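Be aware that the sequence shown starts at 208, since it is given in this note's numbering, and climbs by one per residue. We treat Cβ as the ideally placed atom computed from N, Cα and C, and that holds for glycine. Remember, predicted model here, so these are calculated numbers, not experimental data.
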Amino acid sequence: MVRDANESRRAGGRVSRLGRRSVLRAGAGAAGLLIGGGPRASRAAPARQDGSSTLGGRWIEADGFGLMQRADPAQFIAFAADFPFYALAPSWSGEGDPGGSVELLWSADGVTWSEPLWIGRAGHSGRPDRDGRTIGSLVSTPGASFLQYRTYDSGGNLSPLPGFELDYIDATAGPSLEQIANPATSPVFAPPPVIGRAAWGADESLRFGRGGNETFPVEYQTVEHAIIHHADTANFNDPVLEMRSIYYFHAITRGWGDIAYNYLVDFMGNVYEGRAGGEAAIGCHAEGYNAGSAGICLMGRFFNDDTTPEMHNAIVWIASWAARNLDPAGSAPFHDIGNLPTICGHRDVNNTTCPGEEFYVQIDNVRTEARRVIKGRDDPEPPPAQWYAGMQVITNAESTSLRTGPSLAFEVAATVALGEKLMVLQGPASNDGMIWYEVQGVSLSGWMAGNLLIPDPNPNPNPNPNPKAAVTDPVPFETPVPAAPVEAGTPLAMDEPAATVDPAAEPLPADAPVGGDTSEVANSGQVKGSELSQEAGTMFAAGTATQVIAGPLNLRVEPGLWAPVLTALPDGYAATIVAGPVAGEGIAWYQVVTPEGVEGWCDGAFLQMP
Numbered sequence: 208m209v210r211d212a213n214e215s216r217r218a219g220g221r222v223s224r225l226g227r228r229s230v231l232r233a234g235a236g237a238a239g240l241l242i243g244g245g246p247r248a249s250r251a252a253p254a255r256q257d258g259s260s261t262l263g264g265r266w267i268e269a270d271g272f273g274l275m276q277r278a279d280p281a282q283f284i285a286f287a288a289d290f291p292f293y294a295l296a297p298s299w300s301g302e303g304d305p306g307g308s309v310e311l312l313w314s315a316d317g318v319t320w321s322e323p324l325w326i327g328r329a330g331h332s333g334r335p336d337r338d339g340r341t342i343g344s345l346v347s348t349p350g351a352s353f354l355q356y357r358t359y360d361s362g363g364n365l366s367p368l369p370g371f372e373l374d375y376i377d378a379t380a381g382p383s384l385e386q387i388a389n390p391a392t393s394p395v396f397a398p399p400p401v402i403g404r405a406a407w408g409a410d411e412s413l414r415f416g417r418g419g420n421e422t423f424p425v426e427y428q429t430v431e432h433a434i435i436h437h438a439d440t441a442n443f444n445d446p447v448l449e450m451r452s453i454y455y456f457h458a459i460t461r462g463w464g465d466i467a468y469n470y471l472v473d474f475m476g477n478v479y480e481g482r483a484g485g486e487a488a489i490g491c492h493a494e495g496y497n498a499g500s501a502g503i504c505l506m507g508r509f510f511n512d513d514t515t516p517e518m519h520n521a522i523v524w525i526a527s528w529a530a531r532n533l534d535p536a537g538s539a540p541f542h543d544i545g546n547l548p549t550i551c552g553h554r555d556v557n558n559t560t561c562p563g564e565e566f567y568v569q570i571d572n573v574r575t576e577a578r579r580v581i582k583g584r585d586d587p588e589p590p591p592a593q594w595y596a597g598m599q600v601i602t603n604a605e606s607t608s609l610r611t612g613p614s615l616a617f618e619v620a621a622t623v624a625l626g627e628k629l630m631v632l633q634g635p636a637s638n639d640g641m642i643w644y645e646v647q648g649v650s651l652s653g654w655m656a657g658n659l660l661i662p663d664p665n666p667n668p669n670p671n672p673n674p675k676a677a678v679t680d681p682v683p684f685e686t687p688v689p690a691a692p693v694e695a696g697t698p699l700a701m702d703e704p705a706a707t708v709d710p711a712a713e714p715l716p717a718d719a720p721v722g723g724d725t726s727e728v729a730n731s732g733q734v735k736g737s738e739l740s741q742e743a744g745t746m747f748a749a750g751t752a753t754q755v756i757a758g759p760l761n762l763r764v765e766p767g768l769w770a771p772v773l774t775a776l777p778d779g780y781a782a783t784i785v786a787g788p789v790a791g792e793g794i795a796w797y798q799v800v801t802p803e804g805v806e807g808w809c810d811g812a813f814l815q816m817p
C-alpha cells in the first residue's frame with residue numbers, strides 16, 4: 208500500500224499529532240515497558256554540526272546498546288537527551304524493511320508522557336536520502352528531554368529495524384516570528400514580502416559538508432510551473448521554529464544539503480525564502496520535476512483541515528509572482544507529462560496525496576485568483592486587521608479565554624478578567640469563524656479572539672518595543688537571476704498599465720490602477736477602511752493630536768492606495784500628525800504615529816481633533 212509522505216498510523220486509525228496532545232502517566236502500561244524491564248534510560252550522545260545555531264543530536268541504537276539484538280522486541284528502548292528538543296525524525300538502514308514504522312512516546316520530565324505516536328516512512332523523495340537510509344517523518348516534540356520507542360515491520364509486527372537512529376532537533380535559537388513577521392495577505396502585481404533566509408535564522412553552515420564543499424550546489428532553470436505541497440506537519444506550530452526544524456531535517460537528517468522548497472507559507476500569511484539562491488534556483492521538492500519548477504509549501508497538513516484566509520491569500524500572491532511570466536490558469540508540457548497545469552499540486556507529478564485533499568480541491572481557485580492578480584484586478588481580500596503588533600488593548604468582557612493557539616480546539620491557558628491590559632504580539636489568524644491575535648500581559652500570554660479586545664483608553668506611554676518593528680523594513684529578498692520581463696521591487700505607478708503575460712488577454716487601459724477600480728477598496732486587494740468616500744477637509748499641522756472618525760481607517764506604508772496596509776485603525780483611535788498633507792488619488796494623505804510609536808499614512812478626511 209502506498210502511504211503519503213508523513214502519515215502516522217496506529218491500530219484502529221490515525222493518531223492526532225502532538226500539537227494538541229493529551230498525556231498519560233508512565234506505569235503498568237506500554238510506557239513503563241523499558242529495555243531490561245526497568246526505568247533505565249541511556250543518555251544520547253549528540254552529533255552536532257560545528258558552529259551551528261541549531262542543535263542536532265543523533266541517537267544510534269547500536270552505540271547505545273552494543274551490537275546485541277534485543278531479546279524481546281515488545282519492550283521499549285528509552286534514552287535521555289542532553290538538551291531539550293522540539294522535533295525528531297527516525298531512520299534505519301536501507302537494507303531493512305522500507306515499510307517499517309516506529310511507535311514513540313516523549314516526555315519533558317520523564318514522568319508525564321505523550322500519547323503513543325506511530326511514525327512511518329517520509330515521502331517527498333526530492334534527492335537521494337543520506338547513505339541510502341530509510342528516513343521517517345519529522346514530528347514535533349516541544350521541549351522533550353526523554354524518549355522511548357519500539358519498532359515494527361511493514362506487516363505491523365514488532366521487529367527490530369537494522370541501523371536504527373533518531374535525529375532530535377532544537378531550533379529555538381534565532382529570530383522569533385514577532386521580530387520578522389510580514390504577512391503577504393493583500394496580493395497585488397508586485398513582489399510579495401518574502402522573509403529571507405537570514406531573517407528567519409537559516410544556519411548556512413548546514414549546507415556544507417565536512418570538507419567545506421556545498422552539499423547541494425545552487426543551479427538555475429527558468430520556472431515553467433509552480434508545484435504546491437504541504438509539509439504534513441502539525442497545524443499552528445510556531446512557524447519560525449518549524450522553518451528551522453524542516454531545514455535541519457532536509458539538510459542533515461535526509462542529507463540533501465538544503466531545504467527542499469523554494470518558498471514556504473505559514474498560517475498567518477508570512478512567506479519564507481526556502482532554497483538558497485533565490486528565484487529560479489532548482490530545489491528538491493518533486494522527484495523528476497525539480498528543474499523548471501518553483502516549489503511552494505504550506506506549513507501544516509491539509510487532509511481534513513482548510514487553510515486560513517491569510518495563508519490562502521499568501522499562496523495566491525507567491526504563486527502569481529512565481530508564475531507571472533506564464534498563464535497561471537493554463538497548462539503546458541513539462542518533462543514527461545504532456546499537459547500539466549501551470550500551478551499544480553505535488554500529487555499531479557508524483558505518487559503522493561500531497562498537498563492534502565482539503566487544499567488540493569482549492570488549487571483551481573488559486574489559479575483563477577493568481578490570473579486576476581497578474582492582470583491587476585479583483586484581488587482576493589483578507590479579513591480586516593483589527594489590531595496590529597505593538598497595539599495596546601484591553602479585554603472587553605469578563606472571563607475571556609486566553610488559548611494556547613489560534614483556534615477553539617486549543618486549550619484555555621488562562622481566564623482573563625474584564626479590562627486586562629494586553630499588548631498584541633502578532634496576528635491576525637482566522638479560524639473557527641474568528642480572527643485571532645497573540646497577546647501578552649504582565650504574567651500571561653496566548654491567543655485571543657479579536658472581538659474580545661478594544662483599544663486601551665489609557666495606553667502606557669512607554670510600552671515594550673514594538674515586536675514587529677521589522678515589518679516596515681524587511682530584510683531584502685535577493686534575486687540573483689534577473690526576472691524578465693517584469694521589473695521587480697517597485698510598485699506600478701497609477702498611470703502605468705499593469706503588465707500581463709496572458710497571451711489571449713487584452714492589455715489594460717493605460718490609466719488602470721494596479722489594484723483595480725479605486726472606487727472600491729475591496730478591489731484593491733487591501734483591508735477595508737474609510738479612505739475613498741469623503742473629500743479632503745481640515746488641514747492638520749505636524750504635532751496635532753487627532754482621532755479616527757468613521758473607522759476603520761487604513762494605515763499604509765506610503766501615501767498611496769497602491770501601498771501595503773499596515774492595519775485598520777478602529778473608530779476613535781488616537782493618532783498624532785507627523786507630516787503632510789501629500790496629495791494623491793484625490794486624497795490628502797497624512798503621516799501619523801500611534802501611541803505605540805507605529806507610523807503610517809492615512810486619509811486626512813477621516814481624522815479630527817478630539
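inquiry  = Here's a check: name, in chain order, each residue in its chain whose Cβ is nearer than 7 Å to the Cβ of VAL573, leaving out the five neighbours to either side.
reply    = One-based indexing of the sequence shown puts residue 573 at position 366. A distance below 7 Å between beta-carbons, with the five flanking residues on each side excluded, links VAL573 to the following residues of its chain, in chain order: ILE522, VAL523, ALA526, ILE550.
key: Boundaries of the alpha helix (DSSP H) in which ASP571 is found, first to last residue   = The residue labelled residue 571 in the question sits at position 364 within the sequence shown. Counting along the chain, the alpha helix (DSSP H) containing ASP571 begins and ends at 570-582.
task = Look at the alpha carbon of GLY779 and the alpha carbon of ASN761, and state the distance between them as a whole number of angstroms.
result = Taking the first residue of the sequence shown as position 1, residue 779 is located at position 572. Taking the first residue of the sequence shown as position 1, residue 761 is located at position 554. Roughly 13 Å separates the two Cα atoms.
ask   = Is VAL523 helix, strand or coil when you go by DSSP?
value = Against the sequence shown, residue 523 aligns to sequence position 316. In this structure, VAL523 counts as helix in the three-state DSSP scheme.
request  = Please name the residue, chosen from THR392, TYR375, PRO382, that lies closest to MET518 on a Cα-to-Cα basis.
outcome  = For this step, residue 518 is matched to residue 311 along the sequence shown. Selected option, being the one with the closest Cα: THR392.
message = Quick check on DSSP: helix, strand or coil for ALA391?
response = The residue you call residue 391 lines up with position 184 of the sequence shown. Three-state result, ALA391: coil.
Under the three-state DSSP convention, the category MET655 falls into = Counting from 1 along the sequence shown, the entry for residue 655 is found at position 448. Note: MET655 maps to strand in three-state DSSP.
request  = List the residues that DSSP assigns as beta-bridge partners of GLU517.
outcome  = Residue numbering aside, residue 517 sits at position 310 when the sequence shown is read from its first letter. GLU517 is not bridged to any residue.
request  = State the CB to CB distance for the pair ARG404 and ALA483, rounded to an integer number of angstroms; the pair is presumed to be in contact (CB under 8 Å).
outcome  = Position 197 of the sequence shown, counted from the start, is the residue given in the question as residue 404. Position 276 of the sequence shown, counted from the start, is the residue given in the question as residue 483. ARG404 to ALA483, Cβ: 7 Å. Contact.
ask   = What did DSSP end up calling GLN754 once you bin it into helix, strand or coil?
value = Mapped onto the sequence shown, residue 754 falls at position 547. Note: GLN754 maps to strand in three-state DSSP.
query = For ALA711, which three-state DSSP category applies?
reply = Here residue 711 corresponds to residue number 504 of the sequence shown, with the count starting at 1. With a pLDDT of 32 at ALA711, under the threshold of 50, the modelled position of that residue is not reliable, and the figure given next carries that caveat. Under the three-state reduction of DSSP, ALA711 is assigned to coil, being neither helix nor strand.
request  = Identify whether THR460 lies in helix, strand or coil by the three-state DSSP scheme.
outcome  = By one-based count along the sequence shown, residue 460 stands at place 253. Residue state, collapsed to three classes: helix.
query = In terms of residue numbering, what span does the alpha helix (DSSP H) encompassing ALA616 cover?
reply = Here the question's residue 616 lines up with position 409 in the sequence shown. Where ALA616 is concerned, there is no enclosing alpha helix (DSSP H), given that its DSSP letter is neither H nor E.
message = Measuring CB atoms only, is the region 560-576 touching the region 608-620, in the sense that at least three cross pairs come out at less than 8 Å?
response = The region 560-576 vs the region 608-620: no contact.
query = Per DSSP, what kind of secondary structure is GLY696 in: helix, strand or coil?
reply = Counting from one through the sequence shown, the residue named residue 696 turns up at place 489. Confidence at GLY696 is low in this model, with a pLDDT of 34, below 50, so its placement is unreliable and no value can be given for it.
Host beta strand (DSSP E) of ARG357 (start-end) = As a first step, residue 357 must be located in the sequence shown, where it is residue number 150. Segment 346-359, the beta strand (DSSP E) holding ARG357.
key: Other residues of its chain near LEU629: CB distance less than 6 Å, five sequence neighbours each side excluded   = To locate residue 629, count along the sequence shown from 1; it is residue 422. The residues are VAL600, VAL646, GLY648.
Own chain partners of GLU411 with C-beta closer than 8 Å, once the 5 adjacent residues on each side are dropped = Translated into the one-based positions of the sequence shown, residue 411 becomes position 204. If we look at GLU411 and ignore the five residues flanking it on each side, its Cβ neighbours are ARG404, ALA483.
query = Is it a yes or a no for the region 329-337 touching the region 383-398, going by three-plus beta-carbon pairs under 8 Å?
reply = Taking a contact to require three or more Cβ pairs closer than 8 Å, the region 329-337 and the region 383-398 do not qualify as touching.
query = Among VAL789, THR801, ALA782, which residue has its Cα nearest to the Cα of MET816?
reply = To locate residue 816, count along the sequence shown from 1; it is residue 609. When each option's Cα is compared against that of MET816, the closest is ALA782.
message = In whole angstroms, give me the CA-to-CA distance for ASP534 and ASP543.
response = Locating residue 534 in the sequence shown gives position 327, counting from the first residue. Locating residue 543 in the sequence shown gives position 336, counting from the first residue. Cα-Cα distance, rounded: 20 Å.
inquiry  = Our contact map puts TYR451 next to GLY381 with C-beta atoms below 8 Å; I'd like the distance itself, whole angstroms only.
reply    = Position 244 of the sequence shown holds residue 451. Position 174 of the sequence shown holds residue 381. Strictly speaking, residue 451 in this sequence is Arg, with Tyr absent from that position. About 6 Å separates the two Cβ atoms, so the contact holds.
task = Please report how far the alpha carbon of LEU505 lies from the alpha carbon of GLY481, in whole angstroms.
result = The residue you call residue 505 lines up with position 298 of the sequence shown. The residue you call residue 481 lines up with position 274 of the sequence shown. Approximately 12 Å, taken between the alpha carbons.
ask   = CA-CA distance, ASP663 and GLU618?
value = Residue mapping note: residue 663 aligns to position 456 of the sequence shown, counting from 1. Residue mapping note: residue 618 aligns to position 411 of the sequence shown, counting from 1. Taking the straight line from one Cα to the other gives about 26 Å.
inquiry  = Let me confirm a value: GLN428 is counted as buried when at least 16 other C-beta atoms fall within 10 Å, else exposed. Which label applies?
reply    = For the purposes of this step, residue 428 is taken as the residue at position 221 of the sequence shown. Answer is exposed; the Cβ neighbour count stays below 16.
task = Classify VAL161 as helix, strand or coil using the three-state DSSP reduction.
result = Only positions 208 to 817 of the chain appear in this structure, which leaves residue 161 out of reach.
request  = Would you verify that the beta carbon of PHE510 is, or is not, closer than 8 Å to some beta carbon of chain D?
outcome  = Reference to chain D is not applicable here, since this structure consists of a single protein chain.
query = Is the beta carbon of ALA604 sitting closer than 8 Å to the one on LEU659?
reply = Counting from 1 along the sequence shown, the entry for residue 604 is found at position 397. Counting from 1 along the sequence shown, the entry for residue 659 is found at position 452. Yes. Within cutoff.
query = Where does TYR496 sit, in a helix, a strand or coil, going by DSSP?
reply = Stepping through the sequence shown from its first residue, residue 496 is reached at position 289. The answer is coil: DSSP assigns TYR496 none of H, G, I, E or B.
ask   = Taking the beta strand (DSSP E) that ARG404 falls in, what are its first and last residues?
value = Taking the sequence shown and counting its residues from 1, one reaches residue 404 at position 197. Counting along the chain, ARG404 falls outside any beta strand (DSSP E), though it belongs to the alpha helix (DSSP H) covering 404-407.
ask   = Can you tell me the Cα-Cα spacing of ARG508 and GLY804, whole angstroms?
value = On the sequence shown, position 301 is the one that residue 508 refers to. On the sequence shown, position 597 is the one that residue 804 refers to. Going from the Cα of ARG508 to the Cα of GLY804 covers about 37 Å.
key: Distance, PRO398 Cα to ASN532 Cα   = As a working note, residue 532 is residue 325 in the sequence shown. As a working note, residue 398 is residue 191 in the sequence shown. Cα to Cα, ASN532 sits roughly 13 Å from PRO398.
message = Ignoring anything shorter than 3 residues, give me the beta strand (DSSP E) runs that lie fully in the region 528-575, in order along the chain.
response = 538-541, 544-548, 550-552
query = How far does the beta strand (DSSP E) with ARG265 in it reach, from first residue to last?
reply = Here residue 265 refers to the residue found at position 58 when the sequence shown is read from its first residue. Looking at the DSSP string, the run of the beta strand (DSSP E) that includes ARG265 is 262-267.
task = Can you have a look at PRO802 and say buried or exposed, based on whether 16 or more other CB atoms are within 10 angstroms of its CB?
result = As a working mapping, residue 802 is identified with position 595 in the sequence shown. The residue is buried, with at least 16 neighbouring Cβ atoms inside 10 Å.
request  = Counting only the same chain and skipping the five closest in sequence on each side, list residues whose C-beta sits under 6 Å from that of LEU471.
outcome  = Within the sequence shown, the letter at position 264 stands for residue 471. Counting only Cβ-Cβ distances below 6 Å, and skipping sequence neighbours, we find TYR479, GLY481, CYS504, MET506.
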